[in-house]
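One structure is given below, encoded as structure tokens.
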């Protein structure tokens, strides 16, 4: 059985009495686009930093491609990172920036130039190799940072909110481009964001975090339509939360008694159990009703 691209086993991180991660277990399959999603302080950037070797876990094991890399520094891990501020070198040309990682690994000049040209073509900047970084737009700089990270052929590419500084239109364009590049190369991507829409549009799997714990993990559609927790239901877009109590089953269908009447309960439950139902606005469909279907909201006066 093939080992996951990334595996965290019981990984925790504490800072002076504050626990940022609570014994996280997470496996990222090879070739997948995993998005770490959550609000500020949820632990998503801490996980990314631990995978990259920038932060040492307080406890637990980090494996990449089945190999234990827990104690290895970033330079000895088969990863590359794209940061939000891009961290490009202003004194170098675009091609020089893209080839920098290869230069540090002792790759010859001719091979570096060829690889830089190929990566720039991949990100749509084939004619930009001789330009300086300051002459590029924010979106172009983001592409250069991506090309530089991919040039070293990492087993896992780590992206720390790389689209956060871009305007909305450009951010959506870059989301499509990131996904297309990931599919073309087959490289495992681990991407941090707090943007639910961004996560839904690019992820193969979403890992939703809150207060250092995993609230939900799965494909975007499942996380949105069948959230695993109340937090997941309210964080992943608009949702109406309706409290109810499990009524007797009607055949194979389990119903919940709510202020809106009896509603189907896909997850099931024991009779009498208190439950919360998440109802997405787009799932509400007006339809014909009988007089008996009306819900009394109290006394009223016709004026």
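In the numbering used here, the protein residues as written are -16 to 286. Quick reminder that beta carbons are idealized off the backbone N, C-alpha and C, glycines included. Keep in mind it's a predicted model, so treat the numbers as computed, not measured.
Who pairs with residue i in a beta bridge, going by DSSP?
i: residue 199; result: 191
i: residue -2; result: 1
i: residue 224; result: 261
i: residue 18; result: 174 and 189
i: residue 245; result: 240
i: residue 115; result: 76
i: residue 11; result: -11
i: residue 51; result: 46
i: residue 229; result: 239
Within a Cβ cutoff of 6 Å, which residues of the same chain sit near residue i, ignoring the five residues on either side of it in sequence?
i: residue 241; result: 225 and 227
i: residue 126; result: 106 and 108
i: residue 40; result: -6, -4 and 33
Would you kindly check if the distance between the Cβ of residue j and the Cβ of residue i is under 7 Å?
i: residue 130; j: residue 103; result: yes
i: residue 203; j: residue 189; result: yes
i: residue 156; j: residue 181; result: no
i: residue 171; j: residue 3; result: no
i: residue 112; j: residue 78; result: yes
i: residue 192; j: residue 25; result: yes
i: residue 198; j: residue 176; result: no
i: residue 27; j: residue 35; result: no
i: residue 5; j: residue 266; result: no
i: residue 223; j: residue 161; result: no
i: residue 65; j: residue 163; result: no
i: residue 116; j: residue 71; result: yes
i: residue 165; j: residue 219; result: no
i: residue 0; j: residue 67; result: no
Residue range of the beta strand (DSSP E) that residue i falls in?
i: residue 176; result: 171 to 176
i: residue 239; result: 238 to 241
i: residue 63; result: 62 to 65
i: residue 47; result: 42 to 47
i: residue 142; result: 139 to 143
Measure the C-alpha to C-alpha separation of residue i and residue j and round it to an integer number of angstroms.
i: residue 51; j: residue 30; result: 16 Å
i: residue 48; j: residue -14; result: 6 Å
i: residue 15; j: residue 141; result: 12 Å
i: residue -10; j: residue 194; result: 20 Å
i: residue 258; j: residue 271; result: 27 Å
i: residue 92; j: residue 98; result: 10 Å
i: residue 85; j: residue 136; result: 10 Å
i: residue 81; j: residue 53; result: 28 Å
i: residue 287; j: residue 221; result: It is not possible to answer for residue 287, since the shown part of the chain is limited to -16 through 286.
i: residue 59; j: residue 38; result: 14 Å
i: residue 215; j: residue 57; result: 32 Å
i: residue 44; j: residue 264; result: 42 Å
i: residue 83; j: residue 90; result: 10 Å
i: residue 168; j: residue 236; result: 45 Å
i: residue 119; j: residue 76; result: 11 Å
i: residue 114; j: residue 134; result: 18 Å
What are the boundary residues of the alpha helix (DSSP H) that includes residue i?
i: residue 80; result: 77 to 81
i: residue 256; result: Per DSSP, residue 256 belongs to no alpha helix (DSSP H) and is neither H nor E.
i: residue 35; result: 27 to 35
i: residue 167; result: 151 to 168
i: residue 96; result: 92 to 105
i: residue 122; result: 121 to 134
i: residue 213; result: 213 to 218
Leaving out five residues before and five after residue i in sequence, what residues of the same chain have Cβ atoms less than 8 Å from its Cβ?
i: residue 238; result: 229, 230, 231, 232, 245, 246, 247 and 248
i: residue 149; result: 121, 122, 125 and 157
i: residue 11; result: -13, -12, -11, -10, 17, 139, 171, 173 and 188
i: residue 201; result: 188, 189 and 211
Quick one: what's got a C-beta closer than 7 Å to residue i's C-beta in the same chain, skipping five residues either side?
i: residue 8; result: -9, -8 and -7
i: residue 253; result: 229
i: residue 206; result: 189, 191, 199, 215 and 219
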